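Undergrad: Numbering (mature numbering (1 follows the signal peptide of the UniProt record, and there is no 0)), first residue to last: -24 to -1, 1 to 91.
Structure incoming, see below.
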Amino acid sequence: MRLSRSLASATVAVALVLSLACEAMPHARVDTGESPGRPFGAACRIRVTGSEVTAYCHNPYPDPDRVRLHIECARWWDLDTDTSPVEAGPAQTVRLTGRCWKEVGSVWISHRRAD
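Structure (structure tokens):
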């Protein structure tokens, strides 16, 4: 009986340490090649309605951001979509759209500094 209690306590302690370590890990960021003190990157909202995808990206920073919409369709025969880069200038909002024939599998936005 004591062995199972000590094993349960050790398991809880290990789970707590691992959960704290996961929270301390850095999150993915846009690699700009510059010093980390300069903010960059448009904030994007994505809406999926059936098979259609609409994204609005607003750039609050002074440096332009070239954003692209990437759509991966759920069906193997359905063509995935990558839009052309659209430049979101300072204080500008851009709209990106795309679609699948059937269901949408996943959607994401990529960012790149404008040249």
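Just so it is clear, CB atoms sit at the ideal spot from N, CA and C, and this is done for glycine as well.
The structure presented is a predicted model; accordingly, all values stated were derived computationally and were not measured.
Which partner residues does Leu55 have in the DSSP bridge list?
TA: Per DSSP, none; premise fails for Leu55.
Undergrad: Which residue wins for smallest C-alpha separation from residue 106, given the options Ala90, Trp77, Arg14?
TA: Residue numbering for the chain in the displayed model covers -24 to 91; residue 106 lies beyond these limits and cannot be assessed.
Undergrad: Of all the options Leu55, Thr69, Thr25, Glu28, which has the alpha carbon lying nearest to the alpha carbon of Asp41?
TA: Thr69
Undergrad: Which partner residues of Ala31 appear in the DSSP bridge assignment?
TA: Ile22, Leu72
Undergrad: For the candidate residues Leu72, Phe16, Val29, whose alpha-carbon lies nearest to that of Pro36?
TA: Phe16
Undergrad: Could you give the residue range of the beta strand (DSSP E) that holds Asp41?
TA: 41 to 49
Undergrad: Compute the distance between the beta-carbons of Ala64 and Val43, then report whether it is under 7 Å.
TA: Their beta carbons are under 7 Å apart, which means Ala64 touches Val43 by this criterion.
Undergrad: Report all residues from its chain with a CB closer than 8 Å to the CB of Arg75; omit the five preceding and five following residues, and keep chain order.
TA: Ser27, Glu28, Val29, Ile47, Thr57
Undergrad: In three-state terms, what does DSSP make of Ser60?
TA: DSSP, reduced to helix, strand and coil, places Ser60 outside both helices and strands of the structure shown, so it counts as coil.
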